[in-house]
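Chemist: Residue numbers (this note's numbering): 750 to 1043.
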């Protein structure tokens, strides 16, 4: 009898357990999946290379998502767990601590600046005083140098005057004077004649000198030679050498021929270029006409 009672009790216990299990499972099924798995939607991208419509739509979606995220802490299905809440509190505390450190650092910097300001002002004053002194010294040195240069110029002028006074020209027959340069600027009072006239004059003087080698020299010839000599001394170029005049004439002639040749070549080149451009223009006009007909 006892065994039968025991078996019946066991059966009743098992039935109760089964009923409880079924009830628990039914209750679990009533809970939505959002409680177990959080929904996460990636916000739509917005950039300048998108089309206007697409960009506006994405912007609207983003704004809606931001609003939803703001209202999340009121939703019981999306409430934070205790661990998450603790992490958030720790994060806020760390941010506050970092802000306080930054403030302290800034305050320290401000105090340092206040302490350093008078020292920096003193240094600036000293530097400005040194600069002024340097500028004054520069001006003084410049004035001294200018005075020294002035004295040097005056001394050079005096020396040149004395030299010019000491020169004595000896008048002799059949003597060629070389060009002597004085301190002053060279002045060319005599106008240059053409090479042909100078050659004729030089040849005439040479012939007259040859004629009067045995006899006495004419007064006109003598005066001409003296004039030439004086001009050479003054620094004026005197062309009385026949050989040199002929050489210069040849050189001038060659130069002229060369320039003539260059000018001819240039002219021919210009003509060729003009012809080429005209041909090209005609070709282009023909092409335009053909295109217009099409």
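Cβ coordinates follow ideal geometry from the N, Cα and C atoms, glycine included.
Between residue 1013 and chain D, is the shortest Cβ-Cβ distance under 8 Å, so that the two count as touching?
Modeler: Of the protein chains in the structure, only one exists, and it is not chain D.
Chemist: Does the beta-carbon of residue 878 have 16 or more other beta-carbons within 10 angstroms, so that it is buried, or is it exposed?
Modeler: Mapped onto the chain shown, residue 878 falls at position 129. Residue 878 is exposed by the Cβ-count criterion.
Chemist: Is the separation between the beta-carbon of residue 994 and that of residue 951 shorter than 8 Å?
Modeler: Within the chain shown, the letter at position 245 stands for residue 994. Within the chain shown, the letter at position 202 stands for residue 951. For residue 994 and residue 951, yes; Cβs fall inside 8 Å.
Chemist: Taking just the CA atoms, how far does residue 757 sit from residue 766?
Modeler: For the purposes of this step, residue 766 is identified with residue 17 of the chain shown, where counting begins at 1. For the purposes of this step, residue 757 is identified with residue 8 of the chain shown, where counting begins at 1. For residue 766 and residue 757, the distance between alpha carbons rounds to 14 Å.
Chemist: Can you tell me which of the three DSSP states residue 990 falls into?
Modeler: Position 241 of the chain shown, counted from the first residue, corresponds to residue 990. Coil.
Chemist: So, with DSSP's three-state summary, where would you put residue 903?
Modeler: One-based indexing of the chain shown puts residue 903 at position 154. Residue 903 falls in the helix class under three-state DSSP.
Chemist: Helix, strand or coil: which one does DSSP assign to residue 908?
Modeler: For the purposes of this step, residue 908 is identified with residue 159 of the chain shown, where counting begins at 1. Helix at residue 908.
Chemist: Taking one C-beta from the segment 788-802 and one from the segment 766-776 each time, how about it: are there three or more such pairs within less than 8 Å?
Modeler: As far as the Cβ criterion goes, the segment 788-802 does not touch the segment 766-776, which means the pair count is below three.
Chemist: Do you know how far the Cα of residue 802 is from the Cα of residue 770?
Modeler: Indexing the chain shown from 1 puts residue 770 at position 21. Indexing the chain shown from 1 puts residue 802 at position 53. Each residue's alpha carbon lies about 55 Å from the other.
Chemist: With DSSP collapsed to three states, give me the class of residue 795.
Modeler: Your numbering for residue 795 matches position 46 in the chain shown. Coil, per DSSP.
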